Structure formats: structure tokens, C-alpha cells
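> Sharing a structure here in C-alpha cells format.
There are 2 protein chains.
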Amino acid sequence: MKSLSSLDFLTEALRRLPGVGPKSAQRIAYHLMQHDREGAGLLGRALSQAVEKIHHCAMCNTFTENDVCETCVDAERDAALLCVVETPSDQLMIEQTMTYKGLYFVLMGRLSPLDGIGPKDIHLEKLMARATDGTVQEVVLATNFTNEGEATAHYISETLKARGLKVSRLARGVPVGGELEYVDAGTIARAMLDRRST
Amino acid sequence: MKSLSSLDFLTEALRRLPGVGPKSAQRIAYHLMQHDREGAGLLGRALSQAVEKIHHCAMCNTFTENDVCETCVDAERDAALLCVVETPSDQLMIEQTMTYKGLYFVLMGRLSPLDGIGPKDIHLEKLMARATDGTVQEVVLATNFTNEGEATAHYISETLKARGLKVSRLARGVPVGGELEYVDAGTIARAMLDRRST
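Top line first, the protein sequences correspond to chains B and V.
At position 190 of the first sequence (counting the first as 1) the number is 209 in the numbering used here, and the numbers step up by one without a gap.
At position 112 of the second sequence (counting the first as 1) the number is 131 in the numbering used here, and the numbers step up by one without a gap.
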């Protein structure tokens, strides 16, 4: 079989998707061309449209099609609170809890020196400018409780506290519905140290 | 977070890829928008171009941008031999062995009644027309040695033999480099039944 340029081009382009190797790319290309040309056309248009229209919110750094995202322009939110999350998915999870009415800052990543991701890559200068605008009173750090997330929270916390801001972190402890027998020792240790009087 | 139409559209469209669920689609969309906009644009163009240009070869049914694919127009190939494969990847594998100089017919699938894939879906009428064109002397069945592939080969074999054509099937047996201890009993049984005098 000689090379087919459009098919080869598609297979190569599919490899840009995270986790897709040469074999998967070929399988996906064949699947789309054979069974779902409508889906392929749809995805092509969706990608072009997204690249053209989506950019970062000037205030919170999340994805938006406007200059400032809908959350940041919402006048009913408490502008004195700023919650720092790693991704828009994390923001969505916190929104779903209905327990937070402040604003957000989305890092779009986490510090990870091994992967070459430093303070610049997670927009820390933008966060500093945002947090020291005079309106923000407290920064709630809601990065993940992984090693990288914890390191990111620590780094941001030190930097913000040096500028006199109040910084807090989501509480750690036993998950709701958790049975001690099945919770890891590190979590129980933390829950013991952070125990609350009732 | 309120809905972002371009991002939601992209996430929905990504779910058309095989094996991609809602969570993966969202992760891929964030990854492309955050880390690989160039790749997203490239993939968008590749998909649109592929949908527009790629169709099936009039002779062998494989993907091509021309009316007839490069393999079918190659005058040096033996038009008396027709090898039936399930997918273009299978054709490529056979080409790489350098042991076959005939033409191909690509089913683009296999019979699979449980999935609702019948003779029409694997272009059997086109294959019949192709195999009975007067030039083809022998049809080599090279569908996979899975249950569906074997059933497909059996069905095609019966249909073609009824029209007086010579039909053959790839040999089954112990793979090259195979150690009997690690080969399954079914393969050894078949190799024993099909044993050849040396």
C-alpha cells in the first residue's frame, strides 16, 4: 500500500492527542473514516472553532470566549475571597458543593520541577497581581493533595504571606463516609493532628 | 462556572472518538487548549481534509484519494490473485512480508451478527463483482483467525466456491519462533492436522 497523504496526515495529527500512539492513531483514523465521518467533520469544526475563540480570562485565567469569564463578572460573588485551583474541572467540583461564593484563580497546572513546570508556567505573576489588587482579603488554596499540589500550595502560600495576605488551605482529614479500617495511615495521622474540639 | 459553548462543543465532539468518555474528553480538551493549540489546529484541518478527500477505491474498497488506489493501478501486480483482508492495516502487514504480488480486496470489517454487521456492511456484493470479473483465478482469504474472522472466511469461501472460483486460506500453525510449551493447544492441534510432508 503506498502512502495516502490525507490519511497519513490525519494519523499523524491524531498522535497529538494525549496518550495516543501510532497504532491507536491509525485505528482511530480508520474508525472515523469508516464508521463516523459525521463525527470526524464535527470534531474538525469543534477544534478549529475552539482554537479560534477560546482564550484565558483576564482575571481568573480560566478558559473563556469573552475578555472576562462569567464567574468573574458575577456581581453577587464575594470579591474578598479568592480560591486557587489547578484546573477548570477542580473549579467545577468546588462550585458543585455550593459552599463557596468567592472568586477563583485557575493555575492551569501545578509546579512540577521534574516536568520542567516552574512558577512562570502556572501564571504566578498573574496570581500575585490578582491577589494584591486591594479587594482580596483571603486566598483559599485548593490545589490537589498530591505531592505536586502540596508543593504548589506551599510555594504560593509563602509568597502571598510575605505580602501580608491571609492564606488558607482546604482541610485534610477522613473523607465523608470513610471507614477508618480502609483509610490510609497518612490521612488518619493528619486527621488526628488536625482534630477539632466539638 | 457557567457553560462555555466552544469548549463544551469541543468536549462533546471529542466523545465521538472510540474509547473516549466524558472525563477523558474534558481532559483532552483542556490539554489541547492549554498545552497544544498548534496540535488542535492541525488535527482540525486534518479531519476536515480527510472527510473531504478520502473515499473508497472503486476496485479494492480501501481508503484512497483517487478513484482507484495506487495498488490497484500498479500494472506489475498479478491480477489473477485476489487477497481478501479485513482492514488496510492487515493489507499493510501482508505487503511487508514481500511474499504476495497479487491484488487486494479490503472488507473494512468482518461479519459479526451480534454487532449487527451482516454481509452488506462488509461490501460482499462488491467483492463478488470483483472476484467474478473473469481475471481473478484464485481468492486468498486473509481475514483474522478470530471467531468472527473465521466465520467471515467461511461465508465468503462458500459463496465464491458456489460460483466455481478457487479459494484458499492462509495456513494455520505454530508461529515462527514459537515454543510448543507456550503455544495454545488449539494451535498445536491445527498444526498437527495440517502437518506437511518434508
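All residues carry an ideal CB built from backbone N, CA and C; glycine is no exception.
Note that the structure is a prediction, hence the values are computed from the model and not measured.
By Cβ distance below 8 Å, which residues in the same chain neighbour Ser-187(B) in space, the five residues on each side in sequence not counted?
Cβ neighbours of Ser-187(B) within its own chain (closer than 8 Å, five residues either side excluded): Glu-157, Val-158, Val-159 and Leu-160.
> Note down the Cα distance separating Leu-122(V) from Ile-207(V), rounded to an integer number of angstroms.
31 Å
> With 8 Å set as the bound, which would you pick, yes or no: does the beta-carbon of Tyr-201(B) sit closer than that to a beta-carbon of chain V?
no
> With H, G and I counted as helix, E and B as strand and the rest as coil, what does DSSP make of Thr-83(B)?
strand
> Can you list the residues of chain B that Ala-59(V) reaches, using a CB-CB cut of under 8 Å?
Arg-35, Leu-66, Ala-69 and Val-70
> Could one say the Cβ of Asp-55(B) lies closer than 8 Å to chain V's Cβ atoms, at least one of them?
yes
> Does DSSP put Lys-21(V) in a helix, a strand or coil?
Interpretation of Lys-21(V) is limited by its pLDDT of 45, a score under 50 that renders its predicted location unreliable; no figure is taken from the coordinates.
> With DSSP run on the structure shown, which of helix, strand or coil describes Leu-51(B)?
helix
> Do Gln-45(V) and Thr-30(V) have their beta-carbon atoms positioned less than 8 Å apart in this structure?
yes
> Is Val-103(B) helix, strand or coil by DSSP?
Shown here, Val-103(B) sits in a strand according to DSSP, grouped into three states.
> What does DSSP give as the partner residue(s) for Arg-149(B) in the beta ladder?
Note: Arg-149(B) sits in no beta bridge, so no partner.
> Check whether the stretch 159-178 of chain B touches the stretch 187-201 of chain B, taking contact to mean three or more Cβ pairs, one atom from each stretch, closer than 8 Å.
yes
> Tell me, please, whether the CB atom of Gly-63(B) is closer than 8 Å to any CB atom in chain V?
yes
> Around the Cβ of Arg-182(V), are there at least 16 other Cβ atoms within 10 angstroms (buried) or fewer (exposed)?
Around the beta-carbon of Arg-182(V), fewer than 16 other beta-carbon atoms lie within 10 Å, marking it exposed.
> Below 8 Å, how does it come out for the stretch 84-99 of chain B and the stretch 109-123 of chain B: are there three or more Cβ pairs, yes or no?
yes
> Would you call the stretch 127-146 of chain V and the stretch 93-106 of chain V touching, i.e. three or more CB-CB distances under 8 Å?
Yes, the stretch 127-146 of chain V touches the stretch 93-106 of chain V.
> Where does Gln-110(B) land, buried or exposed, given buried means 16+ other C-beta within 10 angstroms?
buried
> Can you list, in chain order, the residues of its chain whose CB lies under 6 Å from that of Lys-21(B), leaving out five sequence neighbours each side?
Low per-residue confidence applies at Lys-21(B): pLDDT is 45, beneath 50, and the placement is therefore not dependable enough to give any value.
> Whose CA, out of Ala-32(V), Lys-42(V), His-50(V) and Gly-153(V), lies closest to the CA of Met-112(B)?
Lys-42(V)
> Does any residue of chain B bring its CB to less than 8 Å from the CB of Glu-177(V)?
For Glu-177(V), the answer is no, since every Cβ of chain B falls outside 8 Å of its Cβ.
> Taking 8 Å as the cut-off, decide whether the C-beta atoms of Gly-60(V) and Leu-26(B) are in contact.
no
> Starting from Tyr-49(B), find everything on chain V with Cβ-Cβ shorter than 9 Å and list it in chain order.
Here the neighbours are Phe-82, Thr-106, Pro-107, Ser-108 and Met-127.
> Starting from Arg-188(V), trace the alpha helix (DSSP H) in both directions and tell me its first and last residue.
Here Arg-188(V) belongs to no alpha helix (DSSP H); instead the beta strand (DSSP E) covers 185-188.
> Going by C-alpha distance, which of Asn-166(B), Gly-128(B), Asp-55(B) and Glu-57(B) is nearest His-50(V)?
Closest in C-alpha terms to His-50(V), from the list Asn-166(B), Gly-128(B), Asp-55(B) and Glu-57(B), comes Gly-128(B).
> Measure the C-alpha to C-alpha separation of Ala-210(B) and Val-202(B) and round it to an integer number of angstroms.
11 Å
> Mind listing the chain V neighbours of Leu-26(B)? Cutoff is C-beta to C-beta under 7 Å, in chain order.
Ala-69, Ile-73 and Phe-82
> Taking only beta-carbon atoms, is Met-52(B) less than 8 Å away from chain V?
yes
> Flag Lys-21(V) as yes if its beta-carbon sits less than 8 Å from any beta-carbon of chain B, otherwise no.
Low confidence applies to Lys-21(V): its pLDDT is 45, below 50, so where it sits in the model is not reliable, and the reading given next is rough at best. Chain B contact via Cβ: present.
> Just mark Ala-69(B) as buried or exposed, buried being the case when its beta carbon has 16 or more other beta carbons within 10 Å.
buried
> Taking just the CA atoms, how far does Val-87(B) sit from Arg-215(B)?
39 Å
> Does any CB atom of chain B fall closer than 8 Å to the CB of Ala-161(V)?
False, the Cβ-Cβ gap to chain B never drops below 8 Å.
> Assign Ala-32(V) to buried or exposed, taking buried as 16 or more other Cβ atoms, counted over all protein chains shown, within 10 Å of its Cβ.
buried
> Assign Leu-62(V) to buried or exposed, taking buried as 16 or more other Cβ atoms, counted over all protein chains shown, within 10 Å of its Cβ.
buried
> Can you list, in chain order, the residues of its chain whose CB lies under 6 Å from that of Lys-72(V), leaving out five sequence neighbours each side?
Glu-84
> Return the chain-ordered list of same chain residues with a C-beta closer than 8 Å to the C-beta of Thr-178(V), the five sequence neighbours on each side being excluded.
Leu-143 and Met-147
> Return the chain-ordered list of same chain residues with a C-beta closer than 7 Å to the C-beta of Ala-172(V), the five sequence neighbours on each side being excluded.
Taken in chain order, the residues that qualify are Leu-160, Thr-162 and Arg-188.
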